[in-house]
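Just so you know, the sequence shown maps onto residues 678 to 1094 in the numbering used here.
Note that the Cβ used here is the ideal one computed from N, Cα and C, for glycine as well.
Shown next, in C-alpha cells, is the structure this report addresses.
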Amino acid sequence: MSKFLDRFRYFKQKGETFADGHGQLLNTNRDWEDGYRQRWQHDKIVRSTHGVNCTGSCSWKIYVKNGLVTWETQQTDYPRTRPDLPNHEPRGCPRGASYSWYLYSANRLKYPMMRKRLMKMWREAKALHSDPVEAWASIIEDADKAKSFKQARGRGGFVRSSWQEVNELIAASNVYTIKNYGPDRVAGFSPIPAMSMVSYASGARYLSLIGGTCLSFYDWYCDLPPASPQTWGEQTDVPESADWYNSSYIIAWGSNVPQTRTPDAHFFTEVRYKGTKTVAVTPDYAEIAKLCDLWLAPKQGTDAAMALAMGHVMLREFHLDNPSQYFTDYVRRYTDMPMLVMLEERDGYYAAGRMLRAADLVDALGQETIRNGKLSPLIPMAKWLRRTVLLASAGARRANGILSSATAKLAKKPSCN
C-alpha cells in the first residue's frame, strides 16, 4: 500500500512492532521491485556501433529483449596494440551510449514528410493527369505554382505523407528534368558514410545509374579540404589517432578533441606522459584547453592572421634567413609550395591569383601536345626551368615605385612562388 493511503486511518495497516516500538513489520506488496530487476534482463547480446555522424565506429555490446534494445555497454575485445602504445579500448562516448534512446524517441521521423502546399498542388495535378511526369510538368511549368511552393521553403509546414506518394513525386520530377535538361542536371547529396553507409551507398548508386551528379559530402567541409588535398596533395590520408602517441609536439586547432573525438581523446592526454608538448588554439576555454600545456586564445575571426604569422616565422627562419635542407625537401615533396602563382592586378595592387600553367608560357614550353596543358599547374622540375622561372619569379620586383616581374618575357603575366 502506498505511503499516501497510509495517512488515512481507515487504510492504515497495523503491523507487528519490534525494538520497543522503534520498528514495524508490514506485509506490503513488493512487486514494484521487479521493474528494476527486469530493466537489465535481455534475451541476447549482439555487436553493433552507432551512426552518430562520427568515424569512430566504436564496438558496443547491445542487449536485446523481445527485439528491443534495453541497454548497451562497450566491447573490450579490441586487438592489443604494440607494447609502446596505449590500447584503443574502451571506445565510446555519451552520444553513442544514449543512442538507443534516440531509436525509440517520439522525435524520430519514421515516415516521409512533404510540404503541405506542394502536396496540395501534387494531388490536384494527379487528379487531372494520369501520367505523373505530366502532372509534375503542370506544376513546374506554371510560373505562379512554381513560385508559390518555392516561396514556402524554409517556413516549415510539413505534413505526413506516404512512401508511395513521395517516391512517385521524386521519380516524376527526375524524369522530367532528364527529358528536358539532361541527366547531369539531377544533383544529389547522400548522407556521409559516417552517418549511414547504407544510405550513402544507395543514394550514390541511384545517381550514378541515372547519370546524375553526385555531390560529395566532402565538398562543403571547411576544415579538411583546405588542409589536406589543397595543401598536402592527398585525400586526407592521415594516420589514425593512435599515431598521436608518436608525436613530440601537437597543436589542436579547430578540433575540440574530448568532445568531437571522444574515443581517441585518451591518446591526446596519455602522450603527455612521454613529455610531448600540446597546444590548444581556441577563443574559449574549451575542453581541449584544459588538456594542453599552452592555451592560445585568439579573438574570433583572427585565426587566419595568426596562421599567416606562424607561416611567416617558419619561412623567415627556415627558408630565407637560414635555409634548412629538411624544410626545403619537405615542402617540395608534400606541399604546393613549388607551384607558381599568378599575380593579378586589382585596384592598383597585385594579388595572388590562380596557379601558373604551361599554356601561359611562350609556346607552352614547346609542349603543344602536353596532356591537360591548359589546366595542369606548372611544377618546374628541369634545371633550366628552375633557373629561368623559379629564380626569376621568386618575387615581384620594384623599380621606381612600379611593381614588375622578371618573368614578363617568359610568361604572359607576372607570377611568384
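Coarse secondary structure for residue i, derived from DSSP in three states
i, result
"W778", "helix"
"Y895", "coil"
"N1034", "The identity of residue 1034 in the sequence shown is Arg, whereas the question assumes Asn. R1034 falls in the strand class under three-state DSSP."
"S839", "coil"
"T953", "coil"
"T694", "strand"
"K1060", "Annotation note: pLDDT 42 at K1060 (below 50); position unreliable, no value reported."
"Q977", "coil"
"V863", "coil"
"I965", "helix"
Residue i - containing beta strand (DSSP E), residue span
i, result
"G700", "700-702"
"R724", "721-725"
"R707", "R707 -> no beta strand (DSSP E), and no H or E assigned at all."
"W728", "Strictly speaking, residue 728 in this sequence is Gly, with Trp absent from that position. That residue, G728, is in no beta strand (DSSP E); it is neither H nor E in DSSP."
"Y740", "737-742"
"E750", "Inspection of the sequence shows that residue 750 is occupied by Thr rather than by Glu. Element bounds for T750: 745-751."
CA-to-CA distance, residue j to residue i, given in whole angstroms
i, j, result
"H765", "R882", "34 Å"
"H996", "M1032", "21 Å"
"Q751", "R768", "7 Å"
"G880", "A823", "26 Å"
"V843", "Y895", "27 Å"
"A966", "N784", "34 Å"
"I739", "V934", "26 Å"
"Y853", "V810", "6 Å"
"Y788", "Q841", "11 Å"
"G1172", "D1006", "Any property of residue 1172 remains undetermined from this structure, which presents the chain solely from 678 to 1094."
Extent of the continuous alpha helix (DSSP H) to which residue i belongs
i, result
"E710", "710-715"
"F995", "Unbroken run through F995: none, as it is neither H nor E."
"R882", "874-887"
"I817", "809-817"
Candidates the options, of which the one nearest residue i by Cα
i, options, result
"V956", "S925, A986, W840, Y895", "S925"
"T732", "E1021, E693, M874", "M874"
"M1019", "A1029, W930, R1010, T1012", "A1029"
"V915", "S905, E801, Y922", "S905"
"S777", "K803, T753, W737", "W737"
Between the region 862-869 and the region 806-819, do three or more beta carbon pairs fall short of 8 Å? No, they do not touch.
contact_flag[the region 973-984, the region 948-961] where n(CB pairs < 8 Å) is 3 or more = Short answer: they touch.
With a cut-off of 8 Å, do at least 3 Cβ pairs link the region 778-798 to the region 826-837?
When Cβ pairs closer than 8 Å are counted between the two stretches, the region 778-798 is seen to touch the region 826-837, the count reaching three or more.
Check whether the region 716-729 and the region 742-751 are in contact - that is, three or more C-beta pairs closer than 8 Å. Yes, since at least three Cβ pairs between the region 716-729 and the region 742-751 fall closer than 8 Å, the two stretches touch.
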